[in-house]
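Adding 5 to a residue's 1-based position in the sequence shown gives its number in this note's numbering.
Glycine residues also receive a C-beta, built at the ideal position from the N, C-alpha and C atoms.
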Amino acid sequence: MGSRYNSVIKKIAFLFFILAFGMSHVACTNVDPEFDIFAFNKIPSGDDNAADPSDPNGGGTIGDNTSGGSAGGPAPYCDAARIANGPFANSNEAGIDGLSEANAFTICTPAQLMAMGADELSLQKHYVLKQDLDLVSLGVINPLGHGTGSMFVGQLNGEGHEIRDLYVGTPGVDYVGLFHGIGLSGEVVNVRFKNPNIYGNTSVGVVAGKSSGGQIRQVSAVNAYVNGSYRTGGLVGENSSAALIADSFFDGYVWSDNYQVGGVAGYNGGAEIRRVYVVGQVMSAGGDQVGGVVGYNQFSSGIVSDSWSRADVSGVSSSNKVGPIVGLVAVGATVVNSAFDQSSVYENTGGGAAVNFSHGTGVPQSSYFYSSSSAVFGSWDPAIWFFDEINHPYLR
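(1) Could you give the residue range of the alpha helix (DSSP H) that holds residue 118?
(2) So, using beta-carbon positions, are residue 321 and residue 330 closer together than 8 Å?
(3) Whole alpha helix (DSSP H) runs in the segment 137-194 with 4 or more residues, listed along the chain?
(4) For residue 100, does the three-state DSSP call read helix, strand or coil?
(5) Out of curiosity, what's the CA-to-CA distance linking residue 12 and residue 287?
(6) Hey, could you find the ends of the alpha helix (DSSP H) residue 89 is sitting in?
(7) Can you tell me whether residue 400 is buried or exposed? The criterion is at least 16 other CB atoms within 10 Å of its CB, across all chains shown.
(8) Per DSSP, which residues does residue 322 bridge with? Please list them.
(9) State the DSSP-derived secondary structure class of residue 333, mapped to helix, strand or coil.
(10) How about residue 334: is its Cβ closer than 7 Å to a heavy atom in the ligand NAD?
(11) Roughly how far, in whole angstroms, is the beta-carbon of residue 238 from the beta-carbon of residue 285, given that I think they are within contact range, below 8 Å?
(12) Can you tell me the Cα-Cα spacing of residue 316 and residue 253, whole angstroms?
(13) Using only alpha-carbon positions, find the residue among 314, 291, 261, 243 that is nearest to residue 302.
(14) Mind reading off the beta-carbon distance from residue 161 to residue 132? Whole number of angstroms is fine, and I expect it under 8 Å.
(15) Mapping DSSP to helix, strand and coil, what is residue 303?
(16) Using three-state DSSP, classify residue 129 as helix, strand or coil.
(17) Please check the pair residue 276 and residue 245, which I expect to be a contact at CB under 8 Å, by giving their CB distance rounded to whole angstroms.
(18) Specify, as a first and last residue, the run of the beta strand (DSSP E) that residue 277 falls within.
(19) Does DSSP put residue 219 in a helix, in a strand, or in coil?
(20) For residue 148 and residue 80, I'd like the C-alpha separation in whole angstroms.
(21) Exposed or buried, what is residue 383 when buried is set at 16 or more other beta-carbons lying within 10 Å of its beta-carbon?
(22) According to DSSP, which residues form a beta bridge with residue 398?
(23) Of all the options 326, 215, 296, 264, which has the alpha carbon lying nearest to the alpha carbon of residue 249?
(24) Once DSSP output is grouped into helix, strand and coil, what is the label at residue 328?
(25) Under the three-state reduction of DSSP, which class applies to residue 267: helix, strand or coil?
(26) What would DSSP say about residue 383, mapped onto helix, strand or coil?
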């Protein structure tokens with residue numbers, strides 16, 4: 006009866022998503038608007054195209070082909086010819102083969118972005134995003150690599166551009182995000198996601214369902230909603246096999262009906278997460294191992310360091326496995342020099358709430374409640390981050 010009920014609830018949630026995905030969104034950095042947990046959309050209010058003071062690329066309409074040019078200035082890279090070209094903006098140009106960063110394929114349109122996942126060979130190439138993209142016209146997509154089960158082992162360099170309104174909705178399917186997975190030598194760097202809505206089963210996150218030896222650096226997801234079951238995270242569902250997530254930011258909602266749920270990764274095993282910042286809510290309605298940054302930090306090389314959470318965290322546990330940084334730190338894993346600020350932690354055991362940092366025999370070292378003088382930001386590069394008047398960090 007329980008499994009049938011959960012199945013019905015998930016189907017209702019996905020139906021709401023399909024009906025609502027075209028609604029407008031609003032950026033909500035450090036603000037929690039009214040929210041329906043069973044639909045994928047926060048209640049819209051305000052102008053989605055308003056200039057964001059923390060965005061070095063400014064505001065304006067997504068897909069504006071004049072971005073980068075000005076009256077009397079250089080012509081924009083994404084001109085009419087490159088927009089019409091395929092499969093990529095610079096396909097068939099001399100020397101361009103996607104085999105190196107210097108000869109990377111460039112992307113100017115949503116269709117060109119989707120072409121990265123056309124086949125296994127495409128998932129091995131280098132790509133550069135040359136302007137902001139709005140993906141709302143694509144509707145609900147499958148993860149890149151989903152059809153073949155292949156991991157992305159190339160490189161995507163966003164050059165600081167935004168990908169807006171990414172909708173990946175695959176009920177009952179595992180490894181769900183923009184990419185099915187990121188493998189050894191795969192990299193996603195300097196990409197900003199705005200209004201992403203991701204729905205899946207096991208291993209779900211905005212960037213990828215899983216990262217197995219890949220790297221995610223200088224990536225942000227703002228006004229995000231991620232809905233999954235086991236191993237659900239803001240950026241990736243699972244981070245493993247010497248993978249790295251660094252200098253990244255999540256602002257939004259992570260919701261699960263199961264366990265291993267985190268604001269950056271649901272699971273971090275034999276991998277590293279450093280210099281990340283989480284704002285929003287991380288919630289499991291049916292499990293534990295829930296944390297503001299990571300749900301479950303496992304193995305001797307599972308490391309969370311120099312990180313900060315302002316997320317509200319809640320889960321269902323009778324053994325104190327819900328915490329503002331990590332829900333469960335396993336034997337040999339470490340949490341070093343990380344802080345939490347204004348985090349409310351609720352552990353529903355049928356008898357009240359509990360606030361815990363970690364559980365088990367792992368080693369949390371020098372982790373504490375945040376203050377403006379905290380040493381947690383000592384290793385954060387000011388060329389990558391800037392800090393507001395109360396020392397809160399934002400990606401440049």
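Based on what the coordinates show:
(1) Here residue 118 is taken as the residue at index 113 of the sequence shown, counted from 1. That run of the alpha helix (DSSP H) goes 115-119.
(2) By one-based count along the sequence shown, residue 321 stands at place 316. By one-based count along the sequence shown, residue 330 stands at place 325. No, Cβ-Cβ distance for residue 321 and residue 330 is not below 8 Å.
(3) Counting only runs of 4 or more, we get nothing.
(4) Counting from 1 along the sequence shown, the entry for residue 100 is found at position 95. Reduced to three states, the DSSP call for residue 100 is coil.
(5) Counted from its first residue, the sequence shown places residue 12 at position 7. Counted from its first residue, the sequence shown places residue 287 at position 282. Legend: pLDDT at residue 12 = 49, less than 50; position of this residue unreliable, value from coordinates given subsequently. Rounded to whole angstroms, residue 12 and residue 287 show a C-alpha spacing of 21 Å.
(6) Walking along the sequence shown from the start, residue 89 turns up at place 84. According to the DSSP assignment, residue 89 belongs to the alpha helix (DSSP H) that extends over 85-89.
(7) To locate residue 400, count along the sequence shown from 1; it is residue 395. So residue 400 counts as buried.
(8) Here residue 322 is taken as the residue at index 317 of the sequence shown, counted from 1. None; residue 322 has no bridge partner.
(9) Taking the first residue of the sequence shown as position 1, residue 333 is located at position 328. Residue state, collapsed to three classes: strand.
(10) By its list of ligands, the structure shown contains no ligand whatsoever, and the ligand NAD lies outside what it can speak to.
(11) For this step, residue 238 is matched to residue 233 along the sequence shown. For this step, residue 285 is matched to residue 280 along the sequence shown. Not quite, the Cβ-Cβ distance comes to about 12 Å (not below 8 Å), so this is no contact.
(12) Within the sequence shown, numbered from 1, the residue matching residue 316 stands at position 311. Within the sequence shown, numbered from 1, the residue matching residue 253 stands at position 248. Rounded to whole angstroms, residue 316 to residue 253 spans 15 Å at the Cα level.
(13) As a position in the sequence shown, residue 302 is number 297, starting the count at 1. Closest by alpha carbon: 243.
(14) To locate residue 161, count along the sequence shown from 1; it is residue 156. To locate residue 132, count along the sequence shown from 1; it is residue 127. About 5 Å separates the beta carbon of residue 161 from that of residue 132, a gap short enough to meet the 8 Å contact definition.
(15) As a first step, residue 303 must be located in the sequence shown, where it is residue number 298. Correct three-state label for residue 303: strand.
(16) Within the sequence shown, numbered from 1, the residue matching residue 129 stands at position 124. Residue 129 falls in the helix class under three-state DSSP.
(17) Here residue 276 is taken as the residue at index 271 of the sequence shown, counted from 1. Here residue 245 is taken as the residue at index 240 of the sequence shown, counted from 1. Rounded, the Cβ-Cβ distance is 5 Å, consistent with contact.
(18) The residue labelled residue 277 in the question sits at position 272 within the sequence shown. 277-289 is the span of the beta strand (DSSP E), which, as asked, contains residue 277.
(19) Taking the sequence shown and counting its residues from 1, one reaches residue 219 at position 214. Three-state result, residue 219: coil.
(20) Walking along the sequence shown from the start, residue 148 turns up at place 143. Walking along the sequence shown from the start, residue 80 turns up at place 75. Whole-angstrom Cα-Cα distance: 33 Å.
(21) Along the sequence shown, one-based indexing puts residue 383 at 378. By the beta-carbon neighbour count (other beta carbons within 10 angstroms, threshold 16), residue 383 is exposed.
(22) In the sequence shown, counting from the first residue as 1, residue 398 sits at position 393. In the DSSP output, where bridge partners are listed per residue, residue 398 has 392.
(23) For the purposes of this step, residue 249 is identified with residue 244 of the sequence shown, where counting begins at 1. Of the listed residues, the one whose Cα sits closest to residue 249 is 215.
(24) Residue 328 sits at position 323 when you count from the first residue of the sequence shown. In this structure, residue 328 counts as strand in the three-state DSSP scheme.
(25) Walking along the sequence shown from the start, residue 267 turns up at place 262. In this structure, residue 267 counts as strand in the three-state DSSP scheme.
(26) To locate residue 383, count along the sequence shown from 1; it is residue 378. In the structure shown, residue 383 sits in coil (DSSP, three-state: anything other than H, G, I, E or B).
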